[in-house]
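What follows is a set of notes on a single structure, which appears directly below.
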Amino acid sequence: MTERIVKAVASPHVDILGHCTGRKVKGSGAGLREIRARSDYDTQLVFDACFAYGTAVEINCRPERQDPPPELLDQALDAGCLISIDTDAHSPGHLEFLSYGCDKAVAHGISADRIVNTWSADDLLAWTSARRAA
């Protein structure tokens, strides 16, 4: 799995590594009652690749995901990765999950300049354009 994820984050068409563990820590709503263990891969190699290729790592705000777990978020930060905070909203009511991701970012001391969705539209477009040109 490590090789597949590294290949994905190396693609100029992938800006953000989302659902980095694929885990579900608790159920919520119809059809989401299962708990799923995290995927097994070399996270250090993947986060190093994210840094090398300029691919951000997602903080997924859904309560049943809590992805990445704290130790992996610290690992991504130590690797120098950019971060994206994503509600993973499937309906308008899920947008309120954003506060979970923001709280996690604050708890881990992540500055706004490392969070791609705090950037201006011009800066965000420049980042994605530069990645595609590389």
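In terms of the numbering used here, the sequence shown has 8 at position 13, counting the first letter as 1, and numbering is strictly consecutive.
The C-beta atom is built at its ideal place from N, Cα and C for all residues, glycine as well.
Computed from a predicted structure; not experimentally measured.
What number of angstroms, rounded off, separates the C-alpha of Gln61 from the C-alpha of Phe42?
18 Å
Of the residues Val52, Arg57, Val4, Ala44, which one's Cα is nearest the Cα of Asp69?
Val52
Helix, strand or coil at Ile0 according to DSSP, with G and I counted as helix:
helix
Euclidean distance between Cα positions of His85 and Val111:
21 Å
Simplified DSSP state of Glu59, which is helix, strand or coil:
coil
Hey, quick one: how far does the alpha helix (DSSP H) through Ser79 stretch, first residue to last?
Counting along the chain, Ser79 falls outside any alpha helix (DSSP H), though it belongs to the beta strand (DSSP E) covering 78 to 81.
Restricting to Cα atoms, I'd like to know which of Ala5, Gly96, His89, Asp10 is closest to Leu120.
Asp10
Would you say Asp81 and Asn55 are within 8 Å of each other, going by their C-beta atoms?
yes
Residue burial classification, Val101 (beta-carbon count within 10 angstroms, cutoff 16)
exposed
Identify the continuous alpha helix (DSSP H) that holds Thr50 and give its terminal residues.
No alpha helix (DSSP H) holds Thr50; DSSP gives it neither H nor E.
Look up Arg18 in the DSSP assignment and say whether it is helix, strand or coil.
coil
So, are the CB atoms of Thr16 and Pro64 less than 8 Å apart?
yes
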